[in-house]
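Below: the structure, in structure tokens.
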Amino acid sequence: PAPTMAAVHGGRRRHVLLFPLPSQGHINPMFRLAGLLHARGFTITIFHTQFNAPDPARHPDYRFVPVPDGSPVPVAMKDAVAQIIELGVACEAGFRDRLASVLEEYSRDAVACLVADTHLLPIFEVAARLSVPTLALRTGSAACCACFLAYPMLFDKGYLPVQESQRDMPVLELPPYRVRDLPVIGEDASGRVSELISRAMTAVKTSSGLILDTFDVLERRELEGLRRDLAVPVFDIGPLHKLSPAVYSSLLLPDRSCLEWLDAFPPESVLYVSFGSVACMSLRDLVETAWGIAGSGVPFLWVVRPGMVSGSAYHHQQQLPEGFEAATHGRGMVVTWAPQEEVLGHRAVGGFWTHGGWNSTAESICEGLPMLCRPYFGDQMGNARYVEHVWRVGLEVGGDLERGSVEAAIRRFMTGEDGAEMRTRAGELKKAAAECTGEGGSSCLAIDKLITHMMSL
Ligand code: UDX
Numbered sequence: 005p006a007p008t009m010a011a012v013h014g015g016r017r018r019h020v021l022l023f024p025l026p027s028q029g030h031i032n033p034m035f036r037l038a039g040l041l042h043a044r045g046f047t048i049t050i051f052h053t054q055f056n057a058p059d060p061a062r063h064p065d066y067r068f069v070p071v072p073d074g075s076p077v078p079v080a081m082k083d084a085v086a087q088i089i090e091l092g093v094a095c096e097a098g099f100r101d102r103l104a105s106v107l108e109e110y111s112r113d114a115v116a117c118l119v120a121d122t123h124l125l126p127i128f129e130v131a132a133r134l135s136v137p138t139l140a141l142r143t144g145s146a147a148c149c150a151c152f153l154a155y156p157m158l159f160d161k162g163y164l165p166v167q168e169s170q171r172d173m174p175v176l177e178l179p180p181y182r183v184r185d186l187p188v189i190g191e192d193a194s195g196r197v198s199e200l201i202s203r204a205m206t207a208v209k210t211s212s213g214l215i216l217d218t219f220d221v222l223e224r225r226e227l228e229g230l231r232r233d234l235a236v237p238v239f240d241i242g243p244l245h246k247l248s249p250a251v252y253s254s255l256l257l258p259d260r261s262c263l264e265w266l267d268a269f270p271p272e273s274v275l276y277v278s279f280g281s282v283a284c285m286s287l288r289d290l291v292e293t294a295w296g297i298a299g300s301g302v303p304f305l306w307v308v309r310p311g312m313v314s315g316s317a318y319h320h321q322q323q324l325p326e327g328f329e330a331a332t333h334g335r336g337m338v339v340t341w342a343p344q345e346e347v348l349g350h351r352a353v354g355g356f357w358t359h360g361g362w363n364s365t366a367e368s369i370c371e372g373l374p375m376l377c378r379p380y381f382g383d384q385m386g387n388a389r390y391v392e393h394v395w396r397v398g399l400e401v402g403g404d405l406e407r408g409s410v411e412a413a414i415r416r417f418m419t420g421e422d423g424a425e426m427r428t429r430a431g432e433l434k435k436a437a438a439e440c441t442g443e444g445g446s447s448c449l450a451i452d453k454l455i456t457h458m459m460s461l
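Be aware that the sequence shown starts at 5, since it is given in the UniProt record's numbering, and climbs by one per residue.
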């Protein structure tokens, strides 16, 4: 039988410890998981780095334990991989001390487990040394996880490193991936991306289970593959944002005035444009994007976050080309950060131009919104491939960004027949997602299984 809240309260193992990777796309799913577990009766303790620390005042029901991290400074994207690896290492000693005192305080028996982001391997190792069972949270898709597992094979068979001449070649072992869709970050001459991926998979394999923010109708085949290839149980408990009470875990302050601004537009007329929290574009691409959006005549809400343009200062408005504001007056709004979930759910929004981060992709699907995908790095290319080719709820905007082609793509997407078909399919996928999260749905059953598993560790 499904474990009830009373079962958790009555049981001894009431505490769940969590440790997110401190970047927005990883913090959101971990906090959503925390919300879900808290609603099921668990007590939540969040270990966190000083870097991008959460605001405890926003989560009065949780306990927060800061872990010294050697105060890394934000670095450019090309160094982000090294930064992630080093962050886990830098936290190791501090985490060991803090975990030991938390265990003393709660009594070891009261702690069900630690859920940590797969990119924090040293955290898993410390927990194992202190006999705390671990569960691994991967914040990407099941398909991406399968690619990570297959990384050594991808090198053995010559798919990686990516050769320009092979970019369109299918990866036979991982359909529908082509070489160009594989999760890579730059050229990785130093091999650090491979190291990051291999460490993440070690974290998964040495944990007591893998938690994925995905759901059955989206990735049934991929989930089956993971269950075949991994010895640990896999819990597909997504989309977490639909299963958790609303959580506020934004690092930047969302500009809520855009919701009111959207109220003035007809249903499905506005294009929402956002490239997530990490992706950077060149100034040239920003300018071409801006004029493409302006030329399309389509109303838009655009997130231009501080630091989004490579090597630029923080004043986003100054990066937009002169005359852009006047050219789009009355039908466009630019914000530094949006309340994205609410924006995607607003009736005026009819499409999402996204970088294809996994959270954004799942959030869009759950609102029945089609996507224009412009992937930048990592899992985003693979996500775009699934959006266009498997779920058929969007189009990839590939190649060099030119204002003319941007303009045409936006028109085709927002007002053309293709766009209408994608919108219909996205609506169907939204319904299917709601079935997974509804009573007796696959994700709800997986959550019950996860909780039973946690209580049994
Ligand atoms: C990164 C990678 O890009 C992604 O592919 C990986 O799966 C997780 O790490 P990020 O670039 O942050 O993530 O993108 P995404 O996964 O889409 O997460 C962004 C989150 O920020 C979403 O939950 C989105 O709702 C939120 N967001 C984004 C806002 O709340 N406001 C904004 O203006 C933009």
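We treat Cβ as the ideally placed atom computed from N, Cα and C, and that holds for glycine.
Being a predicted model, the structure only gives us computed values, none of them experimental.
* Pairwise C-alpha distance: E96 and I127 -> 6 Å
* To do: Kindly examine ligand 1 and report whether one of its heavy atoms sits closer than 7 Å to the Cβ of S261.
  => no
* Asked: Is W395 helix, strand or coil by DSSP?
  -> coil
* Compute the Euclidean distance between the alpha carbons of F51 and R102, then round it to the nearest angstrom. => 9 Å
* In terms of residue numbering, what span does the alpha helix (DSSP H) encompassing D98 cover? -> Strictly speaking, residue 98 in this sequence is Gly, with Asp absent from that position. Where G98 is concerned, the enclosing alpha helix (DSSP H) stretches over A84 to Y110.
* **For E421, three-class secondary structure by DSSP** => helix
* Within the same chain, show all residues whose beta-carbon is closer than 6 Å to that of A131, passing over the 5 residues directly before and after it, in chain order. => L118 and T138
* To do: Within its chain, find whatever has a CB closer than 8 Å to the CB of R44; leave out the 5 residues flanking it on each side and keep chain order.
  => If we look at R44 and ignore the five residues flanking it on each side, its Cβ neighbours are P7, M9, V12, I451 and I455.
* Asked: Quick one: what's got a C-beta closer than 6 Å to M81's C-beta in the same chain, skipping five residues either side?
  -> Residue confidence for M81 is low, a pLDDT of 46 falling below 50, so the modelled location carries little weight and cannot support an answer.
* Asked: Closer than 7 Å: is that where the CB of S314 sits relative to any heavy atom of ligand 1?
  -> no
* To do: For the stretch 406 to 419 and the stretch 296 to 315, state whether three or more C-beta atom pairs, one from each stretch, are separated by less than 8 Å.
  => yes
* Report yes if the CB atom of S248 is closer than 8 Å to the CB atom of G39, and no otherwise. => Less than 8 Å divides the Cβ of S248 from the Cβ of G39.
* To do: Would you list the residues sitting across from A120 in a DSSP beta bridge?
  => F23 and A140
* To do: For A207, collect the residues of the same chain with a Cβ closer than 6 Å to its Cβ; drop the 5 residues on either side in sequence, then sort them by chain order.
  => For A207, same chain residues with a beta-carbon under 6 Å away, outside a window of 5 residues either side, are T122, L125, F128 and A140 in chain order.
* Nearest to S254 by CA position, among P70, L234, P60 and V397, is which residue? -> Of the candidates P70, L234, P60 and V397, P60 places its Cα closest to the Cα of S254.
* Would DSSP call M173 helix, strand or coil? -> coil
* Let me know the secondary structure DSSP gives L244 once reduced to three states. => helix
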